[in-house]
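So the structure is just underneath, and the comments pick up after that.
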Amino acid sequence: MGRLALIGPDRVDEYRDLLQAAYAKNVELGVHFKASDASREDVLAHLRENIAYGITGLDGALISTVSLRMPWGPNPGHLGLPHIGWLATDPAHSGQGLGRELLDALVEQVLAGLLHAPAVSLGTAQDHPWLGAYYQRLGFEPVGSADLGLGHITDFYIRPIDPASYAGWRARHADLLKGLTS
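UniProt numbering applies: residue 1 is where the sequence shown begins, and numbers increase by one.
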């Protein structure tokens with residue numbers, strides 16, 4: 001998993017191009033995510049306010065990326081955990097398992113290895129035809145839904161990282177989870 005690399009603001013244009021290419025299929029499906037049409041300024045702010053990692057090809061070009069929103073940052077997830085932000089793979093490289101490789105590396109190297117996080121969360125559009133099932137195959141468990149005013153219902157998922165600390169987190173945050181519909 002040595003291919004995980006930090007993505008900084010110096011790669012904003014390459015990052016934005018990859019996001020727009022990867023999210024184009026969602027637009028065709030009528031599912032809108034902010035990454036679909038984020039301006040250069042939006043993407044630059046996202047890179048400055050969050051942590052983004054990527055996998056590059058042999059030529060050094062960015063082919064898959066994931067961003068991580070921190071609970072203490074300006075755009076935290078809704079569950080008080082590190083939260084997966086924008087996940088994207090270049091359509092020319094889809095079906096190669098890069099999303100799984102990237103998320104597994106993020107969990108092992110960053111979330112477990114550096115942050116000692118109990119779990120990681122993410123949210124996706126309930127009406128997206130395959131993302132919910134995809135995330136469940138990657139070890140994410142559905143925990144509920146909410147209308148965040150984004151034009152779709154958001155389904156929330158959690159991927160436990162450390163079973164003991166995750167059990168403690170769930171016990172301490174039971175009220176937060178009750179606020180979601182199931």
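Every residue, glycine too, gets a C-beta built ideally from N, C-alpha and C.
- Counting C-beta pairs closer than 8 Å gives three or more between the stretch 37–53 and the stretch 62–80, which meets the contact rule.
- With three or more CB-CB distances shorter than 8 Å, the stretch 122–132 counts as touching the stretch 142–158.
- Burial state of S121 is buried, judged by a 10 Å Cβ sphere holding 16 or more other Cβ atoms.
- Spanning the alpha carbons of L138 and D10 requires a straight line of approximately 30 Å.
- Sequence-distant Cβ neighbours of G73 in its own chain, meaning closer than 8 Å and more than five residues away, are E49, N50.
- Per DSSP, reduced to three states, the secondary structure at H46 is helical.
- In this structure, L102 is the residue among L102, F140, G168 with its C-alpha nearest to the C-alpha of L6.
- Beta-bridge partners assigned by DSSP to E141: I158.
- In the structure shown, the three-state DSSP call for G132 is helix.
- For G60 and W130, the gap between their C-alpha atoms comes out near 30 Å.
- Per DSSP, A117 lies in no alpha helix (DSSP H) segment and is marked neither H nor E.
- Contact annotation: I161 and L111 have beta-carbon atoms nearer than 7 Å.
- Here D90 is buried, its C-beta having at least 16 other C-beta atoms within 10 Å.
- Runs of the beta strand (DSSP E) lying entirely within the stretch 73–115, each at least 3 residues long, are 83–89 in chain order.
- R40 carries a helical assignment under DSSP once its states are collapsed to helix, strand and coil.
- In the three-state reduction of the DSSP assignment, D147 falls in the strand class.
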